[in-house]
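In what follows, a structure is listed as structure tokens, so that the remarks can point back to it.
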Amino acid sequence: MSPMKTMLFMLAAGCALLLSAGEKYSAIYFSDSHLGPESCYNMSKDNPFRTKKDIKRDDATREYFNAMLKHIADHKGDNAKLIISGGDLIEGGTYGEEVHAKTLQNAIDRISRGTGLPFFFTNGNHDAWGVGGAAAFDKVARAYLAKQPYAVTFAKDKGINYSFELGGDLYVFGDFFTKKSHWIETILERISQAKPGQYRYIIVVTHPGMLGCGKTTRRVVEAAAKTAAKGGVILCGHSHRNKILKFESPLGKVSELMMATMVLGNTRDAFANPRDKMEVYWAACDQSLQLAVKKAKTEKAKVAAQGNLKKGEEIKSYYGPYLKEYFEVSGNGYAKLDISDDGITVTLQSAQLEQAPIVKTLF
Ligand SMILES: [Fe+2]
707 MSPMKTMLFM
717 LAAGCALLLS
727 AGEKYSAIYF
737 SDSHLGPESC
747 YNMSKDNPFR
757 TKKDIKRDDA
767 TREYFNAMLK
777 HIADHKGDNA
787 KLIISGGDLI
797 EGGTYGEEVH
807 AKTLQNAIDR
817 ISRGTGLPFF
827 FTNGNHDAWG
837 VGGAAAFDKV
847 ARAYLAKQPY
857 AVTFAKDKGI
867 NYSFELGGDL
877 YVFGDFFTKK
887 SHWIETILER
897 ISQAKPGQYR
907 YIIVVTHPGM
917 LGCGKTTRRV
927 VEAAAKTAAK
937 GGVILCGHSH
947 RNKILKFESP
957 LGKVSELMMA
967 TMVLGNTRDA
977 FANPRDKMEV
987 YWAACDQSLQ
997 LAVKKAKTEK
1007 AKVAAQGNLK
1017 KGEEIKSYYG
1027 PYLKEYFEVS
1037 GNGYAKLDIS
1047 DDGITVTLQS
1057 AQLEQAPIVK
1067 TLF
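Now the structure itself:
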């Protein structure tokens, strides 16, 4: 294709992504994929950096992640306009700046090409982890994001803090892990630039969950809730669990969606096995937080459900008086968000991709 034809093709593709305010569209969300070098970068099997555990984990990750990307490409629908990672896209470690940069670049390319969607991501604690990791992350992420559609605006401070508008919604990405990045102030500053009601939804993407982190982070939630016309959304990960928390306060509504797209071989989490089915193991609803346990088929899920049954009021005191619903499922997977004036519907898709998805609403 000639350079002129390539440019026209890119312009046409860019126009196809643009949306009017209030238009219905979809976003794909995943978090904590922890891709290793072998998963993205064709390194030799005898690379001295890689242990047997690394190889096992990376091979399993590659197998699952490829299947997930194919599933997304086949099921995203015509309205999908972006794919988002909530951090820990790559595992990071002691590979050095060059390998770190290639791993990240290959992960980005794999996701954007594999799904055909613009890809946006925030910094998890692993993405910039290790010698040269922070420099590699900053360089690769900044160069890639600057070329993305939707007019990405970077904050002036250090770190990958940025925002853009899409379909009348404001997306704010907060870099929690870059040093000297005053990420909360940056997020608040971006939200405060909006007039109340200017945006339909304000969607904040940051690695750790914000609703259980005390007064400081709740400032972001309150700002998003009162500024967005229909509600604020927090997209996060970090804990390697799948949760939906729905809050209603006098300031407005805000919901948090936490996802786990974990890998086999990482034993830090009880549910870190992509072959697990995604099953509801407990849900807490309404003011009284009556807990319902459904289909706790695995021993771990039963133990977790029984333990949590006794702790309903603790959950409420932890998350505050405005918690209306707490929903959690085991397993690993990704979410598709269908965003419209009528609300946001979340389809949770398990790592067993042929399994029927779980559908919930955020608003
Ligand atoms: Fe993680």
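Numbered as in my numbering, the sequence shown ends at 1069 without a single skipped number.
Here a beta-carbon is modelled for each residue, glycine too, at the ideal position from N, C-alpha and C.
Rounded C-alpha distance that separates residue i from residue j
i: V910; j: L851; result: 17 Å
i: F825; j: T912; result: 15 Å
i: G1026; j: S955; result: 10 Å
i: E804; j: D780; result: 33 Å
i: L1054; j: F860; result: 30 Å
i: V837; j: G1049; result: 43 Å
i: I778; j: S898; result: 34 Å
i: H832; j: G742; result: 11 Å
i: L725; j: E928; result: 27 Å
i: I893; j: G938; result: 13 Å
i: T1067; j: P855; result: 28 Å
i: A773; j: A766; result: 11 Å
i: K758; j: A842; result: 25 Å
i: T884; j: L823; result: 26 Å
i: K845; j: P1063; result: 37 Å
i: S791; j: H740; result: 11 Å
i: C942; j: V926; result: 14 Å
i: R763; j: A900; result: 44 Å
i: A847; j: S1056; result: 28 Å
i: A857; j: Q811; result: 21 Å
i: Q1058; j: Y1040; result: 11 Å
i: F1069; j: Y801; result: 43 Å
i: L957; j: D1047; result: 19 Å
i: K853; j: Y868; result: 13 Å
i: K782; j: R924; result: 32 Å
i: S961; j: I950; result: 7 Å
i: F870; j: K862; result: 15 Å
i: A834; j: R768; result: 20 Å
Residue i, buried or exposed, once every other Cβ within 10 Å from all chains shown has been counted against 16
i: E1060; result: exposed
i: R896; result: buried
i: R947; result: buried
i: Y1032; result: buried
i: A931; result: buried
i: K787; result: buried
i: D1044; result: buried
i: K952; result: buried
i: K1042; result: buried
i: D881; result: buried
i: Y1024; result: exposed
i: A966; result: buried
i: A849; result: exposed
Pair within 8 Å by beta-carbon distance, residue i and residue j
i: G874; j: G1037; result: no
i: G903; j: I940; result: no
i: L795; j: F771; result: no
i: V1052; j: L963; result: yes
i: V986; j: V1035; result: yes
i: I789; j: I817; result: yes
i: G839; j: H888; result: no
i: L876; j: I908; result: yes
Reference residue i, options the options, closest by Cα
i: T683; options: I734, E962 and S869; result: Since the displayed the chain opens at 707 and closes at 1069, residue 683 lies outside it and no answer follows.
i: K936; options: V926, F953 and K959; result: K959
i: D784; options: Y731, L775, L963 and T1051; result: Y731
i: S737; options: A834, M968 and Q1055; result: M968
i: G793; options: S945, K845 and L957; result: S945
i: G798; options: A773, G830 and L823; result: G830
i: R906; options: F882, G880, H806 and T933; result: T933
i: I890; options: I866, K901, F870 and D764; result: I866
i: R819; options: L775, K808, Y1028 and K782; result: L775
For residue i: DSSP bridge partner residues
i: A733; result: L788 and L1043
i: D863; result: DSSP, once it has assigned bridges, lists no residue as partnering D863.
i: M964; result: C942 and K949
i: E954; result: K959
i: D875; result: L872
i: G1037; result: According to DSSP, which records beta bridges pairwise, G1037 is partnered with nothing at all.
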